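Below is one structure, written out as structure tokens, with a few remarks after it.
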Amino acid sequence: MVDEPLSAGAVARRLGVAVTTLRTWHQRYGLGPSQHVPGHHRRYTPADLARLEIMRKLTAEGVTPAEAARWAKQSPGVAVRLPAGTGRDGGGQTIPVGRAGPAARGLARAAMRLDAAVIGDTISHALATDGVIATWEGLLRPVLAGIGERHVATAGLIDVEHLMSRCVSEAFAAVARSGRAAGPARILLSCADEEQHTLPLEALAAALAEAGVAYRMLGARVPVAALVEAVNRTGPAAVVVWSHTRLTADPGQLSALLAVPRRPLLVLAAGPGWRADTLPAGVVRPVDLAEAVSLALAVRDSLDQSTGADRA
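Just so you know, our numbering puts 152 at position 158 of the sequence shown, and the rest follows in order with no gaps.
So, in structure tokens, the structure goes:
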């Protein structure tokens, strides 16, 4: 019967979690069995089960266990109003954003509603307030990663992904236009051959523009021969090659850049596709957007100093 107390094994089967998970929730967050009969193991009551169902649901939606436990315990045995960013919203499962803050949860809800106006306003406000790097790391990456996670799990949210990507691209393009630097473009940005994920590279372009660094952007799916030709034609001081997946991260592309007559001072292999142990000697793999910008600034400053010394 539903109302009779349950053992840990029975509760684990009902929730689809391991018994060890129940034990952890009990020990760390106090979500354990409340009925005690002398001489027997403690049993889970219907109220206990209700709290654990909330705990399981929230953690599955990306809420941290500690926060989920707080919500699960606040109204034991009755229906609980779930925190923003969980459950159903806009006609489908919401987007998990991990430990990101309220702005990310709000952006995720707007994305699920396909509310382009709110998405655009949210991103623009964050860019104006926090800058490109903080907006990318704290707001956009968690939401985009959550959309990707949901797509892998459900094969859905393609419409959400496309709309969100367009809004992010438009926001970054606006930053790039407003912050376009004068002088020669010393940084060349390119996706690897067959690589179609451009948003991280667009984030880098916007961050460079914000920092006053001129650049050229070649975009997605740049064949090696075309990239080499562009380097020989423009002579950039640094080249950034973005790869999102192992399938597009051919180290030969980087070796080709190191062999061109007008070899760049710095070649950056950016993105999770590249493996550090396969990179040619002399290639740098930045760990994040902030480091990529710092390296580009260092190259620019070095060139400025050398140019000033030559003029002196």
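C-beta atoms are modelled at their ideal positions from N, C-alpha and C, and glycine is treated no differently.
As the structure is a computational prediction, the values presented were derived from the model and not from experiment.
Worksheet item: Among residues of its own chain, excluding the 5 on either side of V91, which ones have a beta-carbon nearer than 7 Å to its beta-carbon?
Response: Excluding sequence neighbours, V91 sits near G56, G79, A98, R99, A102, P136, V137 and G140.
Item to complete: Count the CB pairs spanning the segment 108 to 120 and the segment 158 to 166 that are closer than 8 Å, and state whether there are at least three.
Response: Yes, since at least three Cβ pairs between the segment 108 to 120 and the segment 158 to 166 fall closer than 8 Å, the two stretches touch.
Worksheet entry | Beta-carbon proximity check, G246 vs V277, cutoff 9 Å | No, Cβ-Cβ distance for G246 and V277 is not below 9 Å.
Item to complete: State the Cα-Cα distance for the pair R294 and A231, rounded to the nearest angstrom.
Response: Going from the Cα of R294 to the Cα of A231 covers about 8 Å.
Worksheet item: Which word fits A73, buried or exposed, when buried means at least 16 other C-beta atoms lie within 10 angstroms of its C-beta?
Response: Residue confidence for A73 is low, a pLDDT of 44 falling below 50, so the modelled location carries little weight; the figure read from the coordinates is stated next. With fewer than 16 other Cβ atoms from the protein chains shown falling within 10 Å of its own Cβ, A73 counts as exposed.
Practice prompt. Identify the continuous alpha helix (DSSP H) that holds W19 and give its terminal residues.
Written response: Residue range V13 to Y23 is occupied by the alpha helix (DSSP H) that includes W19.
Worksheet item: Beta carbon of D187, beta carbon of L157: below 9 Å?
Response: For D187 and L157, no; Cβs fall outside 9 Å.
Practice prompt. Could you tell me the boundaries of the beta strand (DSSP E) in which I181 lies?
Written response: Looking at the DSSP string, the run of the beta strand (DSSP E) that includes I181 is I181 to C185.
Discussion item. Please return the same chain residues whose Cβ sits closer than 7 Å to the Cβ of A290, not counting the five positions on each side in sequence.
Written reply: Around A290: I181, L202, V207 and A232.
Discussion item. Quick check: what's the CA-CA separation for V225 versus L121?
Written reply: Looking at the two C-alpha atoms, the distance is approximately 31 Å.
Worksheet item: Hey, would you say A66 sits closer than 9 Å to R93, going by beta carbons?
Response: With contacts defined as CB atoms closer than 9 Å, A66 and R93 fail to qualify as a contacting pair.
Worksheet entry | Alpha-carbon to alpha-carbon, E61 and R37 | Computed Cα separation, rounded: 24 Å.
Worksheet item: Which residues in the same chain have their Cβ closer than 8 Å to the Cβ of G24, if we skip the five residues on either side of it in sequence?
Response: Excluding sequence positions up to five before and after G24, its CB lies within less than 8 Å of the CB of A63 and K67, all in the same chain and listed in chain order.
Worksheet entry | Contacts around G213, its chain only, beta-carbon distance under 7 Å, and the 5 residues preceding and following it disregarded | Counting only residues of its own chain and dropping the five nearest sequence neighbours on each side, G213 has a CB closer than 7 Å to the CB of C185 and T192.
Discussion item. Does E196 pass the burial test, meaning 16 or more other C-beta atoms within 10 Å, or should it be called exposed?
Written reply: Buried is the call here.
Discussion item. Restricting to Cα atoms, I'd like to know which of T228, E47 and P266 is closest to L251.
Written reply: Out of T228, E47 and P266, the CA that lies nearest to the CA of L251 is found in T228.
Worksheet entry | T242, buried or exposed, once every other Cβ within 10 Å from all chains shown has been counted against 16 | Buried, by the Cβ-count rule.
Fill in: Coarse secondary structure for Q68, derived from DSSP in three states
In this structure, Q68 counts as helix in the three-state DSSP scheme.
Discussion item. Between which residues of its own chain and A312 is the CB-CB distance below 7 Å, once the five residues before and five after are set aside?
Written reply: Nothing in the structure corresponds to residue 312, since the chain is present only between -5 and 306.
Worksheet entry | Pick from R240, S288 and L283 that is closest to D271, judged by C-alpha positions | Of R240, S288 and L283, the residue nearest in Cα terms is R240.
Discussion item. As an exercise, report each continuous alpha helix (DSSP H) stretch of at least 4 residues that is fully enclosed by the segment 185 to 253, in chain order.
Written reply: Entirely contained in the segment 185 to 253, the alpha helix (DSSP H) runs reaching 4 residues are, in chain order, 193 to 204, 218 to 228 and 245 to 252.
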